[in-house]
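From first to last, the protein sequence lines stand for chains R and U. When we follow the working numbering, the leftmost residue of the first sequence carries the number 4, and every step to the right adds one. When we follow the working numbering, the leftmost residue of the second sequence carries the number 7, and every step to the right adds one. C-beta atoms are modelled at their ideal positions from N, C-alpha and C, and glycine is treated no differently. Take a look at the structure set out below.
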Amino acid sequence: MFRRLVNVLVVVFFCLSQYLSARAEPFVAGFDRFYKEKTSDPTGGRVLLTELNCTACHSAEKDLKPKGGPSLSGAGNRIRPDWIASYLRSPSHEKGGGTMPHMLHLVPEKDRDAAIHSLLAFLSSEDAEEPKIVASGGSPVAHEFWLKGDIARGQTLYHQAGCIACHRIDEAFQVQKTGPSDLERKIASLNMEPDELEELGLALPKDVQPIPMSKMASKYNLRSLSMFLIAPHLVRPAGRMPSLKLQPHEAADLAAYLIGNSVASSEPSQSAAKDPASDIQKSHDHDEVLVQHGKTLLAKLACANCHSIADIKPVMSKPLKELRLNALRGCLNEDNSGPIFGLTELQKEAIQASIKAIHAEESTTKSVANRKAEGLAFTMLQLNCYACHERGGRGGVGPKQWPFFENTQQMDIGDEGRMPPPLDHVGRKLQTSWLQSVLEGKGNVRPHFRARMPIYSDHVKSLAAAFVEVDAAHGSDDTKPSDEKTARTFDLNAGRELMDSGCVQCHAFQTESIPGTIGIDIADIGKRVQREWFEAFLLNPASLKKNTRMPTFFPDGKSSVPHVLDGDVRLQIASLWEYLNSKDVPLPTKLEQSRSLLFELVPHDAPIVLRTFMESKSAGTYAIAVGLPEKMHYAFDAHQVRLAEIWKGKFLNAQGTWFDRSAPPAIPLGSDRVLLPSTSFYSRKPKQQFVPIDINRLRFHGYRLDSQRIPIFRYSVDGFSIEDSIRLDSEQALVRQFKVSDADTSNTSEVRSVWLLLSDNVVQIDKETASTRSSLKLQIPAGVEHQRIQHGETSDWMILLSGQKAVEVHYRW
Amino acid sequence: MVSNDSPIHCERTFLILLGNSVSTSKRQHGKRFQPMLFGFLRLLVTSNLIVGIIFVANIQSLHADNAIKFAESDFYRMVTITTSQASDSRAKNWKPAPDSLVLEASGLAKLPDGRLAVAIRKGEVWFLSNVYDDPPNNVGYHRFASSLHEPLGLLLHQGSLVTVQRTEMTRMLDKDQDDVCDEYQTMATGWGVTGNYHEYAFGPEADSDGNLWLTLNLGLGLKSEQKSAALTNSTLGFSQALWRGWGMIVKPDGQLLPMCAGMRSPSGLGNNLNGDVFYSDQQGNWVATNSLHHLRKGAFFHHPEGLASINQPGSTIEPVSEVPDGLPFPDAIQKLSILKPPAVWLPYKKVGQSATDIMVDASDGKFGPFAGQIFVGEFTQSSINRVYLEKIDGEYQGACFPFREGFASAVLRMEQGTDGSVFAGLSNRGWSSLGPASYGLQRLVWTGRMPMEMKEIWAQPDGFEIVFTKTVDKSSAANVSSYQLTSHTYRYHSQYGSDDILEKQLDVSKATVSEDGLRVRLVVSPLRQYFVHTLDASGVRSTDGEPLLHSDGYYTLNHIPNQDR
């Protein structure tokens, strides 16, 4: 009994402590992670100055531009009114760790409810802005998609897309870990005590604290949260919360998970199931007086300093420079004369240090380059780029978050196969234009990553150029450009051969890869990577990327493939570079092999038939290609009813026909391709010229397979039924066998004839044999009626089919 | 099954809120602290449970009003026979997993011996056995035919299977009866094929006269060489290969005849119980939203590029000199005499984004309360929608409703099994679908439980009559505020799709419940000819208090009947 009482008490105490321990002070990731213990460094305080919007009231130079607050337009129509009211009453109580200061204490207690009422009226007086979501055949958008989220899917997405780099990890989520990270592996291998590791500078990085979120279920409904997640910038122009490129259904899943709404569970919910949180409605009783009152109050409370609201002007306080740190009044002294931030002593110290530094700034001079580098690092602190990316020994994914960064195949290919890339000297590695498109959310060379590089909107516009500028200024000798002359000499074939010596073991090229590998597609690398970096990286990968699994193919500066280009290192690299950046080059042999393993049709015991598109000079769009095990193949055009092409060696690759949306023509893989006449059948009235038989008098009837599964084509030509099959003769040549039935002449008394044009431009060898320019040797049986139409040295060769019953023609080439 | 709110979910929600403190404690304490840590953790779990339970109680009281909440799965259960891994099948160089049977189902037909024939897009026909097993752990796969060029339909016709390939209609025969096709008979060929990827050919479907119908997709973005293989109508300026955008029949004597034109992407064909054949079209240029059309000689449906063939011998459409671009659809009908409205518009997103196959429920009740109705497959949203048709003034029109979503991939084909259940053939290659798998085969089975649905909507001279699947609670059904009605139409133009235009709220002045409690007659004004009338009956409850599973229906009112029905 006593024990139970204790238990209950403990539980109550625990709940209370949870309740009370909600973070009261504002949380700023860049400060918390890097400057909490270095309060004398003014940078930490500077981050607080912008992220807590100090400089929204205390103006400062433009590199301390305040973050700004969310857009308030229509806020009352997307956020629950109860939540807004509670938040206004006490921001830190409603959202522990939030950066919005308490302002309403400036309104006398007795007037506060009325104040909130009018503020709500104002915030609800406009429609909430929503992103425009375009649906099409390629982009599914379910009707009322926000109602159709799935909690489990949302939970998975939350942990895989990258949300947890900044936000809290859900312990209930079962992560399937591929393996330890490279650093963990290394530490484990050393087998040392933590303090020894620390001395080596090898300790596991410290935990990263998550950025707090509001209580989603109290704040949003499914619709407003989904819309927010799809386009965070609409509501939060500050861009600290980036867009994770969510599809509408993904946003719905995430919203379902974050709100914990179980209307949508494993089965998508019904359209009839209305959003249970649909109590966010535009108030119909629009009280203009109340709205105006709310607006006035907003202006008075200086809300417009952080939140841009219609035509309200900010109310500025003393500029930052003029602030006296020993003043008795003000935000840092918490005398309730202004906003209450709930700052910790450390945060206050840091802010004071930064203001002191600003006071002293005139006396210090810094080089422009230094200022640029610091400015860049500062932006990365503000945007929390460090949550994912390491640069200059700072930041990167926190150790608790490591297991959640995975590739789609859960393949252990090192940290670079799953973790966001470090950004050290990225400005020397990447082209500015490519960096720009990555930042705009367009470039993605790592489709095998589960985590997504988010879009930070306009705030990162200048970042690409800044990286390039800062890194160029800090360049070292390892990326010295090779002299121009060597760079211009290259050998594409050698480049192709070099690919096989290593690259294709991990990398894709032009979307082809060896099965079971995943790696960045290195085609068109010049669009992304700078030439100098490429060369330096190839020469010594580890010097530019620690822990990389990219091996060096040039140990001690010598090529490991000495037989190519005499082992000339610069020439090899130049050739590889050119090959990678060329469009119409054959695939590296190993990729070609792996591709053909999957899709090359290789007839073994029986012929293979493939109906496909072929080029118009070959069998065209009605092609029936036949591959024989004896490596002789042909293509029949079922539209013009003719044998169109014969070739030897390899048959065809079926990938385009089977699986490529663009339905490209199949092109014979083999050699000795011979194209046959584009018109096959002619007729001739006695003593007249040969005339091609009109296509409307040709009819294809299909084919049947004989006991060897060789197709026997059936068609009719001008009323004659013909069976036409091609197989191997005893001398390993192709023999084409025609069987001709009498024409149905019931409707006509006209005498008709059908002639087959064997080939044009033949040179006579003997009576039954002739050869063509493409060295095709044709042979007909003795006694068959045939004609030559002479054109100078060569002739068109015709044989009569009608009335013959069976005719064999041999094709040798 | 009452509400999906389960304690498990709620508890998990709470765990998230507390998750952070748990994780911190776990990591930072060394071995020495473990007993203490465990105690602490146990405490955490206990407290979570308690708080969780309180939380559940709260939720249930909050939702007391919505106590009965059913999901589609309570009425129609999905059985997965096979599905592939998810992959980006829109990617240019999409490849299936090696060594797998790439069951991109593009045609389904049940065989007399109980097996299911499945045509797949790479060009084969497979016979699947034991497909009705539940769970389907014993499905057998046998390849019957191969070397077909993207067959997009399958029909058992006069004892053998018939398909339509890109270039021909083909009958597959097994002369030596070894269960493998040995003769591919060309039944009909001769339509234009320039080699453009978008020139799909669909079918066949038999009508009551013994004709076999096929439909031909328009080419899209013809390359220069492809253009030279196309026809151009110089008056109208449209260029497409012969009979592209047309529906054609192959008569029992083997003749191939063009019948009707104006299709864009007619990927679905199907007949109703009368043997009339319908096709579905997909939103795009000139096609305002997905639609269902009755195939008949001389009809022109909407997309004018098919008029490139209008002067060819055999054309059934009178030449026109101009196609209006930008009019509201009802005005376009007045202006362009050949233009025939669809029997049903399927409003975008609300009833799908890319309509596919058409299947009539011929199971006489084994598939639930919708016997005789038409089901339309849905590619992008991986779902199936439902259509009720009636004939007014000799023409089909009617209403569509959402039916079942949540398939693993795009629903491309449907076939009703011998037990009334419905096979859904899946493949999303080339586009995208909500269901992330690339392909597969699933089966939809009626659980036997009656869903509360609007079964039918009839047009009446002064409004509509709704037929429900279950008797309605009279107080909610007779209350005019239980219904929200609007109407809208679309713009007939060369752009991709159309917004809902000329939208209007309608006035419901009277709701009269029939004596048997299954029908409600609504007096509505105004009614507008050719407009889509949206009926939202979310206020209606069944006599046992159940709300509608789908509260919305969309009636295409091409004709307003002039007398009571």
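9 Å Cβ cutoff, residue i in contact with chain R
i         : result
Tyr203(U) : yes
Leu351(U) : It should be pointed out that residue 351(U) corresponds to Trp in this sequence rather than to Leu. Judged by the 9 Å Cβ criterion, Trp351(U) is not in contact with chain R.
Gln246(U) : no
Val393(U) : no
Arg177(U) : yes
Leu345(U) : no
Asp188(U) : yes
Phe385(U) : yes
Trp452(U) : no
Pro104(U) : yes
Ala73(U)  : In this prediction, Ala73(U) has a pLDDT of 47, which is less than 50 and means its spatial position is unreliable; what the coordinates show is noted afterwards. Judged by the 9 Å Cβ criterion, Ala73(U) is not in contact with chain R.
Thr173(U) : yes
Buried versus exposed, by CB contacts within 10 Å (16 or more), residue i
i         : result
Gln40(U)  : Caution applies to Gln40(U), whose pLDDT of 42 falls short of 50 and renders its modelled position unreliable; the model cannot decide the point.
Ser269(R) : At Ser269(R), the pLDDT of 36 sits below 50, so the modelled position is not reliable; the number obtained from the coordinates is stated separately. When all chains shown are included, Ser269(R) counts as exposed.
Gln511(U) : exposed
Arg531(R) : buried
Arg449(R) : buried
Asn410(R) : buried
Thr89(U)  : buried
Glu538(R) : buried
Tyr185(U) : Tyr is not the amino acid found at residue 185(U); the sequence shown has Asp there. By the neighbour-count rule (16 or more Cβ atoms within 10 Å), Asp185(U) is not buried but exposed.
Gln232(U) : buried
Close-in-space but distant-in-sequence residues of the same chain around residue i (CB under 6 Å, 5 per side omitted)
i         : result
Glu156(U) : Arg127 and Arg172
Trp86(R)  : Ser221 and Lys222
Among the options, nearest to residue i - alpha-carbon criterion
i         : options                                       : result
Ser320(R) : Ser357(R), Ala313(R) and Lys303(R)            : Lys303(R)
Asn224(R) : Ala258(R), Ser246(R) and Val238(R)            : Ala258(R)
Thr682(R) : Gln295(R), His428(R), Trp800(R) and Leu781(R) : Trp800(R)
Ile768(R) : Glu796(R), Leu323(R), Lys651(R) and His310(R) : Glu796(R)
Ala175(R) : Val294(R), Glu187(R), His162(R) and Ser674(R) : His162(R)
Pro334(U) : Pro118(U), Phe537(U), Gln91(U) and Gly545(U)  : Phe537(U)
Lys39(R)  : Gln177(R), Ala353(R), Leu109(R) and His170(R) : Ala353(R)
Met219(R) : Leu433(R), Phe37(R) and Leu261(R)             : Leu261(R)
Ser762(R) : Glu753(R), Lys189(R) and Leu781(R)            : Leu781(R)
Met422(R) : Thr159(R), Gly522(R), Asp290(R) and Glu112(R) : Gly522(R)
Ser271(U) : Asn568(U), Gln164(U) and Tyr206(U)            : Tyr206(U)
is_contact[residue i, chain U] using C-beta, thresh 9 Å
i         : result
Lys277(R) : Residue confidence for Lys277(R) is low, a pLDDT of 43 falling below 50, so the modelled location carries little weight and cannot support an answer.
Val266(R) : At Val266(R) the pLDDT is 38, less than 50, meaning the model places this residue with poor confidence and gives no usable figure here.
Val757(R) : no
Val318(R) : no
Trp661(R) : yes
His704(R) : yes
His287(R) : For His287(R), the predicted structure reports a pLDDT of 49, less than 50, and the residue's modelled location is therefore unreliable. A value from the coordinates is still provided. Answer no: the Cβ-Cβ gap between His287(R) and chain U never drops below 9 Å.
Inter-residue CB distance, residue i and residue j (contact presumed, cutoff 8 Å)
i         : j         : result
Thr775(R) : Asn764(R) : 6 Å
Pro84(R)  : Ser357(R) : Pro84(R) to Ser357(R), Cβ: 38 Å. No contact.
Leu237(R) : Ala254(R) : That belief does not hold up - the Cβ atoms of Leu237(R) and Ala254(R) are roughly 13 Å apart, past 8 Å.
Phe307(U) : Gly268(U) : 4 Å
Own chain, CB closer than 7 Å to residue i, minus 5 neighbours either side, in chain order
i         : result
Pro668(R) : Phe616, Met617 and Glu618
Leu326(R) : His61 and Ile358
beta-carbon residue i near the ligand NAD non-hydrogen atom, thresh 8 Å
i         : result
Ser343(U) : This structure does not include the ligand NAD; it has no bound ligands of any sort.
Contacts around residue i, its chain only, beta-carbon distance under 8 Å, and the 5 residues preceding and following it disregarded
i         : result
Asn278(U) : Phe284, Val366, Gly378, Ile380 and Leu395
According to a CB-to-CB cut-off of less than 7 Å, which residues of the segment 132-147 of chain R neighbour chain B? Included in the structure are the protein chains R and U, with no chain B among them.
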